[in-house]
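The block underneath contains the structure these notes are about, expressed in structure tokens.
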Amino acid sequence: MATVELERKEAPVKTSLRPSVPGWAKDYSGLLIIGLVLFIAIYYYGDNRYYLTILASIEASIITATGLNLVAGYTGQVSLGHAGFFALGGYMTGLLVGRVATTINANGENWIDYMYVRGKNLTAADRAERDGVLNNFNTALLIALPILLILTAGIGGFLWLRYQKAKKQPPHLHYSFWSNPYSLFRLFASLVSIGLLLLILDIVGLTVGFWIFQNLWAAIILGGTVAAVFGYALSLPALRVKGPYLAMVTIAFGIIITEVSNSKTLEPILGGPSGLQRIPFPISERNPDNDLLLQPGSDTGATFQLFQTNLILLVGVGVALYLVRNFVRSRWGRSFIALRENEIGASSVGINVYRMKTLAFVMSATLTGIGGALNAYSYGAVNPQSALLDRSISFVTMIILGGIGTLYGPALGAIIITLLPEFLNTLGKTNHTELLNAGDYIWIILFVAAVAGAILLPHRYKRLSGVFAGVIFLYNIPEIYRILSGLTKPLNPNSPEANYGSDFSPTIILPSLYGAILLFFLFLAPEGLGGYIGRFINWLLPTRSKIAYASVVGAAADASAPVAALPFNCIRPDHSDILKTVSVTRDFKGLRAVDSVEFNLKRGEIHALIGPNGAGKTTMLNLISGLYPVSQGQILFKGEQIDGLKPHEIASLGISRTFQNLQVFGDMTVLENVMVGFHLSTRQGFWSSLLGLPRVKTEDSRVRAQAMQLLEFVGLADRAQARAKDLPYGYQRLLEIARALAVKPEILLLDEPAAGLNPQEIGDMDRLIRKIQAEGVTVLLIEHHMDLVMEISDEITVLDYGKKIAEGNPSHVQNNQKVKDAYFGPEVMLDARS
Amino acid sequence: MIDTILQIIFGGLGNGAIYALIAFGYSLTYLTTQTLNFAQGDFVMIGAMIGITLAENWSNDSGILLPTHRLLWPLFVAYIVAVLIVAVLGVAVERLIMRPFSAGLSVSWIMSTVALGIILRNLAETLWGHEAMVLSPAVDGQVKIGDNNIYWQQILNIAVAVVITGLLFLFFQRTRLGKSVKAVAFNAQAASLMGINVNFIKMLTFAMSGGLAGLAGLLVTPAGGLNGMDPQRGLSISITAFAVAIVGGLDNIVGIGVAAVLFGLLGQIISSINSTFQDLQQAILFVLLILALAFKPTGLFGRQLVQKV
């Protein structure tokens, strides 16, 4: 204990040499820097149409990459169909505000023109017609609004009453989303608030006078919503099972979008291969008589509007990054990472893994759809090309280059990858009179040296050398392709055109470059640029919250009353039956692992489940915690049937567990592991987490303090900032116990907590289990260390070949002949041998 | 009417045969390593391209390979060499991508093989150009069934797929090696304790998977007469084959066979309705796939997975 104190005091001294900043300041400054750089670039290139187009594309890509990162980085599932959502958003914009260039009726206008009267050269009559439509709309709104308000109030009131009534009743287990009054009420409230927001935006838009500006909101919302709906539909088949299914289904989705938008039959609506064109800028009303993209004369006006569109996109980038930042730093983001690290572990603390994955995917699709909608505005067109697989791959390349699972890395990646074709363009066509020039030889020598270094150098420098070789290779890919093309083309000195590589244009090797970048970062720099920059910044400016944790520990120790504040359900151990199994059976393909086992768990006792290897103990635990379905029989918790429930539902009832094969969240810190355990008792909602409301921060720091106390309780407080997978085995067991206690369980299931511990640690474990019991938690324990079992158990159940062979207190079980036979073999055999 | 049906059946079975060969490749590697090669489609294309380069009197307009490099080997030799080269590529994928990344997130191996795929595709486009190149059929000519002319190659493809399915079945049931593969699939750790060289088995399945992809490429190129092979076509065939593997169940050879026939026939039926449906053939198939997976997440014939804790 003394050494622990010493370390704790020393830690702040070491870090105080460098200025420390709180974590959130670092987060937001990243956002500010990205925003500022883009802002300056937009102003600097404000009169250059070409650069503005590239900048707009960068901004749309940042929104998309940030969205994709939610799925690929935080929940660890890769999607190869995000270009599909991107195109979907674009087509929504195109259909809503754009015009179809292909089919034109007798009057020289197509039907979308006719419907919307937008974007073409407006005559006075057109304007009058449009204003008439607008006036009608306003009148309709005036009539509809009161009716809508009354209806809303009625439905809201009804749902609220239902919710209040449901709160008084005991919690029901089998609520689905649609039958749960709570979730319904929340959904309704969310819809109403979105509606109000839209109304306000609309009124603002009308007042300011950019009436087409409203289309921007409509397009963003429609693009986002349609993408979200498709994302949800895709998550049904793709996310229920682990494996390559999501990648497959998303590829298929991209192809569906490409084929449908390319289709001849739908050409009148979607424009076929050439897509929807001449989409006006969102603020086009400023300059209504220009047909923006097509008339060369209106170039200045169009550039100014592109500049405005860029600013709108920049606001979009800022909002998207801000919301995603808040979200991933909240309990929601923590549970995303938790399920990426370990799905079983995540479900054991009450996280509904499937629902969380769906949420991440839908959020990601929504952001991508919005990115696509905005992109269509800035390009003024959308076509089937935007749904191609190569584009999806380029989105994934952005996040892998930028740093998968980092907050701002994807934005960095989006900037670099979007600029890549421009970089290739600047290379242009080169004139080479020799196949290999002097520069090539130097590169080849450097490359060979770097590869040799990667193989021969001592381990420390291997990676560096490999990275060096990789960079040389990446840089020279255009040159390699030029040489390849030069190899086969004979040089004709008489023709001025003919030289090595004259017919090679660097832009066609773009896909190869994406591929090489992917391989380079996956193999040599898996953290991505963002990851390494983040590490450098952390080294330069350590996060202050580390010291804050230390002071939390100090405070807890000083207050010397941590027990009262510990997050336990303090229920008096009245020795009533809390868990009951009724002839529970589990078959695995002909093997009966558990055979009609019955036992009762009494509140407040320590109950051990023992038996030789393969007796079915862990299977029994898996049945109780819902990992396996029961083949026959029933499991009752406080009189209610719980078999058939999912693991996360069982955790939510107050049964949590640890695992024989540890299921910690390896890449999270010890403290974060325990904080994830509080998932069920934290109540920060989706919207408040997204907006980063103050109460979210309050709850977060409360949870952090409680998690710290739990770590103190199990004796891991001084390791709070270590990465879970770096902990020694025994400490990981303690961590799992702390995490399971964070669920505030009434029953704690411990699967071989003392496995692999030394005698002293077993003694500690003994004390810890007794401490847990003293807090009123019922313990069901599987253990092979008989000393420990006999010492602490109130009751023991013995299993052998799936059947219960004995039950009772330790001394009773110890003298049971069947138990002796099971463990040591029948006595007859012993006799025979002696 | 009967002619249309015959056409659908032969066309469907012919396509199904190709899907099955590629899908077996996905299944084999998934069984032993729980990974699969997203560059499989490009392996299909590379197999065909190598075959063409070695055996054909080819020409191209936009690639950097010039017809002066023609080799004009016998078709049979070119087949063997092409299949072997793609099998070696498969081994390289196992050794260089799957093994280092087997422990981490699936993003790593998925994106590495995807990256390999785009590089191969881009390389092929640079070498051979983006126009389709034709390969002369292994068995020339057509046979008249009813009023339909069916290419002999089509029938050969069906026969090859049936034979390969049978051989795979025998391989798993009868040979020591096949049983080792099954053992590794069931529990790699236990298998290695029984003296099975797990790494060798994994490499073997990747070699088989690559070889099957190469063979599929060589068979599909001359199948419909003058379709030929271009750098993008392998990808589009293999994505349908991927769907077949998933609907059939990644761990179920027979299921994949059934699903391949199903997909082949459905594709033909859809495209025989009218030109709209023909345009949207793949889209409709994939919508059906997504619906099927929504109800049976592990495929129509896949087993329910039980995770060990």
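Chain order of the listed sequences is P and H.
For the first sequence, the residue numbers in the working numbering are 1 to 834.
For the second sequence, the residue numbers in the working numbering are 1001 to 1309.
All C-beta atoms in this analysis are idealised placements derived from N, C-alpha and C, irrespective of residue type, glycine included.
Beta-carbon separation (whole angstroms), residue i vs residue j, contact threshold 8 Å
i	j	result
H/Ala1223	H/Ala1023	Not really, about 17 Å apart at Cβ, beyond 8 Å.
P/Val674	P/Arg739	5 Å
H/Ser1209	H/Gly1025	4 Å
H/Arg1121	P/Pro511	7 Å
H/Ala1039	H/Gly1117	3 Å
H/Gln1007	H/Asn1148	5 Å
P/Leu222	P/Gly316	Incorrect: roughly 15 Å between the Cβ atoms, too far for contact.
P/Val676	P/Ser335	6 Å
H/His1130	H/Pro1231	6 Å
One or two residues paired with residue i in a DSSP bridge
i	result
P/Val582	P/Gln634
P/Ala849	Any question about residue 849 of chain P goes unanswered here, given that chain P covers just 1 to 834.
H/Asn1149	H/Lys1144
P/Ile655	P/Ile747
P/Arg592	P/Asp587
H/Met1229	H/Met1133
P/Ile782	P/Leu609 and P/Asp751
P/Arg723	P/Thr669
P/Thr543	P/Val21
Contact check, residue i vs residue j, beta carbons under 8 Å
i	j	result
P/Leu518	H/Ala1115	yes
H/Gly1178	H/Ala1087	no
P/Ala320	P/Ile63	yes
P/Met363	P/Gly67	yes
P/Thr426	P/Phe85	no
P/Lys602	P/Ile578	yes
P/Gly372	P/Leu88	yes
P/Ala651	P/Ser348	yes
P/Phe637	P/Leu653	yes
H/Gly1090	H/Gly1211	yes
Where residue i sits in the DSSP three-state scheme
i	result
P/Val317	helix
P/Glu598	strand
P/Leu266	coil
H/Ile1284	helix
H/Val1134	coil
H/Ile1008	helix
P/Glu259	helix
H/Val1139	coil
P/Glu842	The requested residue 842 of chain P is not part of the displayed model; chain P covers only 1 to 834.
P/Val777	coil
P/Asp643	coil
Chain H contact for residue i (CB, 8 Å cutoff)
i	result
P/Lys264	yes
P/Pro511	yes
P/Gly825	no
P/Arg683	no
P/Tyr28	no
P/Gly515	yes
P/Arg240	yes
P/Val249	yes
P/Ala822	no
P/Leu519	yes
Residue i at chain P interface by Cβ criterion, 8 Å
i	result
H/Pro1231	no
H/Ser1027	no
H/Arg1099	no
H/Thr1126	yes
H/Thr1032	no
H/Phe1186	no
H/Ser1108	yes
H/Val1114	yes
H/Ile1046	no
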